[in-house]
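Let me begin by presenting the structure, written as structure tokens, before commenting on it.
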Amino acid sequence: PNDPDMIGPEGMEKFCEDIGVEPENIVMLVLAWKMEAKQMGFFSKSEWLRGLSDLECDSIDKIRNKLDYLRSLLNEPVVFKNIYRYAYDFARDKDQRSMDIDTAKAMLQLLLGRLWSMYSLFHQFLEQSKYKVINKDQWCNVLEFSRTIKSDLSNYDEDGA
């Protein structure tokens with residue numbers, strides 16, 4: 001729908017072009033988190049204004065100059081965890097309680113692909129599994145697993161909670 005108070009997918013593409021990043025770049029997820037955007041591919045006027053005000057940006061150049069700062073937030077473990085948890089509700093279909101597995105794989109690749117040495121094995125596991133969706137508890141547990149279990153699985157307890 002053509003809502004004048006909403007930036008939709010076409011506007012998002014133009015915005016990404018203007019700031020010089022691909023729409024699927026992780027910095028766009030961080031920006032959406034900063035704006036407290038509710039739905040992937042859309043910014044409401046209030047989300048947009050809140051986020052840019054918070055970032056002290058009133059021009060494309062100023063946003064471009066904040067990209068490194070936004071990326072750096074991913075290096076702070078507590079902030080990363082907040083962004084990771086945010087990504088679940090942001091990316092799932094709003095009429096579904098769970099996230100479909102293809103969206104989950106894409107978001108996990110974006111968030112953990114470069115950080116987690118076992119990500120490719122986990123992705124393979126998801127590819128071969130019968131799972132059609134992932135719920136929020138599972139989503140959060142993947143992050144904890146990625147942060148606590150050694151790559152040789154020596155500290156993994158199959159019967160652990």
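Residue 34 in full-length UniProt numbering is what sits at position 34 of the sequence shown, and the numbering runs on without skipping anything.
Glycine included, every Cβ here is placed at the ideal spot set by N, Cα and C.
| Check | Outcome |
| --- | --- |
| Can you give me the start and stop residues for the alpha helix (DSSP H) that Ser-53 sits inside? | 45-54 |
| Could you give the DSSP three-state label for Met-99: helix, strand or coil? | strand |
| What do you reckon, are the CB atoms on Leu-111 and Tyr-84 nearer than 7 Å? | yes |
| Taking the DSSP output, what are the residues bridged to Val-133? | Asp-100 |
| Thinking C-alpha only, which one of Arg-92, Leu-49, Asn-75, Arg-64 is nearest Glu-41? | It should be noted that the sequence gives Gly, not Glu, for residue 41. Per the Cα distances, Arg-92. |
| Which whole-angstrom value is the C-beta distance of Ser-151 and Met-118, which I expect to be below 8 Å? | 5 Å |
| Using the Cβ count rule (16 or more neighbours within 10 Å means buried), how would you classify Glu-17? | exposed |
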